[in-house]
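Trainee: The structure is given below, and queries will be raised subsequently.
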Amino acid sequence: MDKGKRLDLIVLLMLLTSIVVISGLLVGFGNRLSPKKVASLAILYNAGLGANREDFLNNSSYTYDDRVVSIYEYFAGKSDSKPVLSSAIKMHSVDDTELFSTNPAVDKLISSRPPRENSSLKNKLLSLVKSNKQLDSKGDEFKIKLGEAIYRAIMDFTGVKVNIIVGGKVKTLDLSRLDPSIVVSIMIVESSLNPYALMEERSLNPSFSPYVYSRGLMQIYELTLWTLNSWLKESQINVKPEGLWSIRDNIFLGMVYLSYANEMLEE
801 MDKGKRLDLI VLLMLLTSIV VISGLLVGFG NRLSPKKVAS LAILYNAGLG
851 ANREDFLNNS SYTYDDRVVS IYEYFAGKSD SKPVLSSAIK MHSVDDTELF
901 STNPAVDKLI SSRPPRENSS LKNKLLSLVK SNKQLDSKGD EFKIKLGEAI
951 YRAIMDFTGV KVNIIVGGKV KTLDLSRLDP SIVVSIMIVE SSLNPYALME
1001 ERSLNPSFSP YVYSRGLMQI YELTLWTLNS WLKESQINVK PEGLWSIRDN
1051 IFLGMVYLSY ANEMLEE
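In short: position in the sequence shown from 1, add 800, done, that's our numbering.
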């Protein structure tokens, strides 16, 4: 090979390397959200899709959104302050086979293409799961399995498009438009990455039920589940209340809800 051709080859290799590096940066940082967008998504998830975001944003006694923003900045690489998980989460007795169960109706939505990967998110997530003292009795092997399952579910569903029906109209939610870091951040505030988490609150409608319960990693209420199931009829998906203990089903439902909230903010 003469000198001119070798020089051309070197330039070509340098160009290809630059493209790969830039593409990696775009994948890693292209979907980073502003603090206000993170706070708005957190409010819609916590207070409901009809919540007046400005009222909550201006309420100094409401801290849910601030906590989510703080954790999001850690996963986005804007802060080195590692979240501290709660050791006071109320836990329900659930067979581990339920936690790691799969739902064919949900998993069939996953693209056959290799899923996106996010090594930074994975490493931080696994480190946090390992630090969960409430799960110490389950052992390190369980924690690793749990962390891997959470990460895999998020990244699998990040590539999903799902048809839903709302108000008689069919629309397609593209979950790839949802930053995985916001999913993890809300999950940490909701359950401290504890898949056994069960919260009990007094019902706003005691005539219907004196208490309401939220379950699992994304802390989904049964009333929210009914809403999500009505949306997902278009995709032949129906998750029963006991299915909320499934890591994959719980995360999928939480991501569908967040994806819808995200589209509301973009309208």
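Where a beta carbon is used, it is the ideal one built from N, C-alpha and C, also for glycine.
Touch check for the stretch 1052-1061 and the stretch 922-939: three-plus C-beta pairs under 8 Å?
Mentor: No: fewer than three Cβ pairs fall under 8 Å.
Trainee: Beta-carbon within less than 7 Å of residue 949's beta-carbon, same chain only, minus the 5 sequence neighbours each way: which residues are those?
Mentor: Within the same chain, residue 949 has close Cβ partners 900 and 1047.
Trainee: Among 890, 859 and 851, which has the Cα closest to the Cα of residue 1001?
Mentor: The shortest Cα separation from residue 1001 among 890, 859 and 851 belongs to 890.
Trainee: Helix, strand or coil, according to DSSP, for residue 961 in the structure here?
Mentor: Looking at residue 961 - three-state DSSP - the assignment turns out to be strand.
Trainee: DSSP three-state call for residue 891: helix, strand or coil?
Mentor: Of the three classes helix, strand and coil, the one that applies to residue 891 here is strand, per DSSP.
Trainee: For residue 1019, which residues in the same chain have their Cβ closer than 8 Å to its Cβ, ignoring the five residues on either side in sequence?
Mentor: Cβ within range, chain order: 990, 991, 997 and 999.
Trainee: Are residue 1037 and residue 906 closer than 8 Å when you measure CB to CB?
Mentor: Taking 8 Å as the Cβ cut-off, residue 1037 and residue 906 qualify as a contacting pair.
Trainee: Decide yes or no for the touch test of the stretch 967-980 against the stretch 862-871: beta carbon pairs closer than 8 Å, at least 3 of them.
Mentor: The answer is no - the stretch 862-871 does not touch the stretch 967-980, with fewer than three Cβ pairs under 8 Å.
Trainee: Between residue 947 and residue 921, is the Cβ-Cβ spacing less than 8 Å?
Mentor: Their beta carbons are not under 8 Å apart, which means residue 947 does not touch residue 921 by this criterion.
Trainee: Provide the residue(s) that pair with residue 974 in DSSP beta bridges, ordered along the chain.
Mentor: Answer by DSSP bridge pairing, in chain order: 961.
Trainee: Look up residue 998 in the DSSP assignment and give the residues it is bridged to.
Mentor: 1015.
Trainee: Which word fits residue 1061, buried or exposed, when buried means at least 16 other C-beta atoms lie within 10 angstroms of its C-beta?
Mentor: Buried: at least 16 other Cβ atoms inside 10 Å.
Trainee: Roughly how many angstroms lie between the CA atoms of residue 1025 and residue 919, to the nearest whole one?
Mentor: Taking the straight line from one Cα to the other gives about 31 Å.
Trainee: According to DSSP, residue 969 sits in a beta bridge with which residue or residues?
Mentor: In DSSP, residue 969 forms a bridge with 966.
Trainee: Considering Cα atoms alone, identify which of 872, 942 and 853 is closest to residue 833.
Mentor: With distances taken between Cα atoms, residue 833 lies closest to 872.
Trainee: Could you work out which residue in 940, 908 and 923 is closest to residue 960 when comparing CA atoms only?
Mentor: For residue 960, the nearest C-alpha among the options comes from 908.
Trainee: Residue 1033: buried (16+ other C-beta within 10 angstroms of its C-beta) or exposed?
Mentor: Exposed, since its Cβ has fewer than 16 Cβ neighbours within 10 Å.
Trainee: Considering only DSSP beta bridges, list what residue 910 is partnered with.
Mentor: Looking at the DSSP assignment, residue 910 forms no beta bridge with any residue, so it has no partner.
Trainee: When we look at the beta-carbon of residue 1015 and count the other beta-carbons within 10 Å, is it buried (16 or more) or exposed?
Mentor: Buried: at least 16 other Cβ atoms inside 10 Å.
Trainee: Any idea which residues DSSP pairs residue 1020 with across the strands?
Mentor: DSSP lists 1015 as partners of residue 1020.
Trainee: By Cβ distance, which residues of its chain are closer than 7 Å to residue 1011, with the 5 residues on each side in sequence left out?
Mentor: Contacts found: 1000, 1001, 1002 and 1003.
Trainee: Please state the DSSP three-state secondary structure of residue 866.
Mentor: Here residue 866 sits in helix by DSSP.
Trainee: Taking DSSP as the reference, what is the three-state secondary structure of residue 927?
Mentor: Reduced to three states, the DSSP call for residue 927 is helix.
Trainee: Tell me whether residue 1035 is buried or exposed, calling it buried when 16 or more other Cβ atoms sit within 10 Å of its Cβ.
Mentor: Under this definition residue 1035 is a buried residue.
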